[in-house]
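First comes the structure, then the notes that go with it.
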Amino acid sequence: DNLLKMLDEVKNKKQELEGLIANIQDLKEEYCRKKETISTANKANGERLKRLQTSADTYRDHLELEIRKIHGDKLQFIFTGIDPKKPERPYMFSLRLNEARDYEVSDCSPPLECLAEFQEKVRKTNNFSAFLANVRKAFIATVHN
Amino acid sequence: DLQQQERKVDEDTTVTIPSAVYVAQLYRCI
Amino acid sequence: RQSWRRASVKEINRRMSLAPFHPGITELSRSISLKLAESKRLGALLLSSFQFSVEKLEPFLKNTKEFSLECFREKASSLSEELKRFTDRLESDGTLQKCFVEDSEEKTSEFSLETSVAEVKEYMAKFSVERQTWDQLLQQYQKEIPPDEMPRGSSETKITEIKVDPATYLGSSQKEVLNTKPDYQEILRNQNQVFACMELVMDELQGSVKQLQAFMDESTQYLQKVSVQLKKRSMEQLDSSPARKLLKLH
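Protein chains in written order, with the working numbering: chain A, 11 to 155; chain B, 191 to 220; chain C, 227 to 476.
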């Protein structure tokens with residue numbers, strides 16, 4: 011009886027083994043497929059990011075304006091080309107959404123009195139480019155003053 | 191390793207790329 | 227000076243600016259050494275004429291009342307020292323030299339005036355000969371041209387290919403010029419072939435430039451179409467407020 015039992019067991023084990031091997035095979039195939047998918051996605055993301063970075067760099071150089079995402083869910087806007095004597099000198103301010111989901115400006119350097127007024131205007135009009143153009147003009151005015 | 195790569199792709203797809211897209215769009219809008 | 231003395235003594239051609247010399251003075255100038263420079267001699271002449279006039283004056287004054295000889299002589303010697311200092315100053319600041327330089331300048335200017343008058347006269351004679359020669363040449367042309375071709379009322383004659391033998395314009399001063407110049411008419415005739423080829427080349431060039439222009443216009447239109455499409459496509463995806471979206475992204 012033992013012998014028969016052991017033979018059965020061996021047969022089961024073999025079937026289990028085959029099952030496992032088939033399983034491993036599936037897993038391996040799935041792994042390769044996933045690897046393939048991920049590396050393709052990675053590659054596509056890399057290229058897309060590269061293109062986006064290139065266009066952002068082009069805008070940054072021509073607008074002499076850098077936009078950075080900084081900790082605390084803030085956007086930092088850094089202007090250059092303001093002071094003709096020191097074009098590389100940075101003029102900046104940060105922007106965040108407050109609890110009421112409105113734009114809120116802060117950390118302006120050098121400080122601008124008219125920033126609060128500009129903040130109100132951009133909340134009303136949502137015209138971001140006008141807002142930034144006014145801020146740049148105000149920074150330039152500080153240089154001339 | 192594959193999971194790590196998968197996490198990276200997810201992050202790229204959900205955060206990095208949209209963020210870069212919004213920055214480029216913001217520049218475009220400005 | 228020699229020339230002044232001659233002129234003033236003979237009372238001819240007198241220099242209006244100077245009174246004639248007193249005959250007694252010529253001895254004075256002789257007594258001044260000729261070795262001195264002209265300006266020094268003039269200064270010495272001024273001094274010695276002052277002393278000469280003092281000597282001439284003294285005997286006249288002797289018989290006047292309250293005349294004191296010592297005081298007169300004292301005054302005369304102090305004046306002559308002052309005159310000496312003055313002439314030295316005139317000598318040192320170049321005033322005396324100017325008298326001579328001016329004169330020489332005047333002399334040269336008079337001289338150059340005469341020479342230039344003579345030159346002008348010579349030129350006038352030359353130009354009138356020249357004018358006669360050109361008039362002859364003009365008449366020659368007018369004779370040669372058949373009357374119907376002669377433009378009415380204009381004195382200029384149309385330049386046509388008329389052979390004028392050199393003898394007619396030999397007299398003008400332009401003969402060297404006219405003889406050295408090549409025969410432009412001939413040169414132009416020889417170049418006709420070249421001009422014809424140039425014309426062909428220019429036509430070819432013009433044609434290809436026109437084609438290039440057309441191609442350029444076409445490609446510009448195409449580029450404009452493509453850029454409109456690109457803009458439309460990029461604007462489609464543009465979000466209404468990307469800043470807000472960006473801020474919401476964690």
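Glycine included, C-beta positions come from ideal geometry on N, C-alpha and C.
- Residue pairing by DSSP places methionine 102/A opposite Ile88/A and Ser119/A in a beta bridge.
- Counting along the chain, the unbroken alpha helix (DSSP H) around arginine 43/A starts and ends at 12 to 73.
- Note that the stretch 77 to 89 of chain A touches the stretch 100 to 114 of chain A; at least 3 beta-carbon pairs, one per stretch, sit closer than 8 Å.
- Where serine 274/C is concerned, the enclosing alpha helix (DSSP H) starts and stops at 264 to 288.
- Beta-bridge annotation (DSSP): arginine 78/A is paired with Gln86/A.
- Within chain B, the residues whose beta carbon sits less than 9 Å from that of leucine 464/C are Gln215, Arg218 and Cys219, listed in sequence order.
- Interface with chain C (8 Å Cβ-Cβ cutoff): valine 199/B is excluded.
- About 12 Å separates the CB atoms of serine 274/C and serine 259/C; that is not less than 8 Å, and the two are not in contact.
- In this model, serine 303/C and lysine 347/C are separated by some 58 Å (Cα to Cα).
- If you look at phenylalanine 312/C, you'll find it in the alpha helix (DSSP H) that goes 295 to 318.
- Nearest neighbour of leucine 125/A by Cα position, chosen from Ala110/A, Arg111/A and Ala143/A, turns out to be Ala143/A.
- Counting only the Cα atoms, leucine 475/C lies some 38 Å from asparagine 155/A.
- Interface annotation, lysine 457/C: not in contact with chain A, CB-CB separation never under 8 Å.
- Using a Cβ-Cβ cut-off of 8 Å, threonine 206/B is close to Asn55 and Leu59 of chain A, given in chain order.
- Of the other Cβ atoms in all chains shown, 16 or more fall within 10 Å of the Cβ of isoleucine 48/A; this residue is therefore buried.
- Here the alpha carbons of glutamate 307/C and leucine 295/C stand approximately 18 Å from one another.
- The distance from the Cβ of glutamate 317/C to that of lysine 266/C is about 7 Å, consistent with a contact at the 8 Å cut-off.
- Across the set Asn136/A, Lys24/A and Asp71/A, the C-alpha of Asn136/A shows the shortest separation from the C-alpha of tyrosine 113/A.
- Assignment of lysine 96/A by DSSP, reduced to helix, strand and coil, places it in the strand class.
- Per DSSP, the continuous alpha helix (DSSP H) segment holding leucine 473/C begins and ends at 468 to 474.
- Judged by pairs of C-beta atoms under 8 Å, the stretch 191 to 211 of chain B touches the stretch 59 to 75 of chain A, as three or more such pairs exist.
- Taking 8 Å as the cut-off, the Cβ atoms of leucine 268/C and leucine 305/C do not count as close.
- Nearest Cα to glutamate 264/C within the set Phe286/C, Phe326/C, Cys297/C and Gln450/C: Phe326/C.
- Sequence-distant Cβ neighbours of arginine 133/A in its own chain, meaning closer than 7 Å and more than five residues away, are Asp112 and Tyr113.
- Closest option to leucine 216/B, judged by alpha-carbon separation, among Leu73/A, Ile31/A, Arg43/A and Glu26/A: Leu73/A.
- If you ignore the 5 residues before and after glutamate 425/C, its C-beta comes within less than 7 Å of no other C-beta in its own chain.
- What serine 467/C touches in chain A, judged by beta-carbon distance under 8 Å, is Asn136 and Phe138, going in chain order.
- Under the Cβ criterion of 8 Å, aspartate 67/A is not counted among the residues facing chain C.
- Below the 9 Å Cβ cutoff, chain B contributes no neighbours of leucine 431/C, its closest Cβ being approximately 45 Å away.
- Here serine 255/C is buried: its Cβ has 16 or more other Cβ atoms, across all protein chains shown, within 10 Å.
- Residues Arg99 and Val153 of the same chain have their beta carbon placed closer than 6 Å to that of aspartate 93/A, with the five preceding and five following residues left out of the count.
- Non-local C-beta neighbours of glutamate 340/C in its own chain, meaning closer than 8 Å and more than five positions away in sequence, are absent.
- Non-local beta-carbon contacts of valine 145/A in its own chain, meaning distances under 8 Å to residues more than five positions away in sequence, involve Phe87, Phe89, Phe103, Leu122, Leu125 and Phe128 in chain order.
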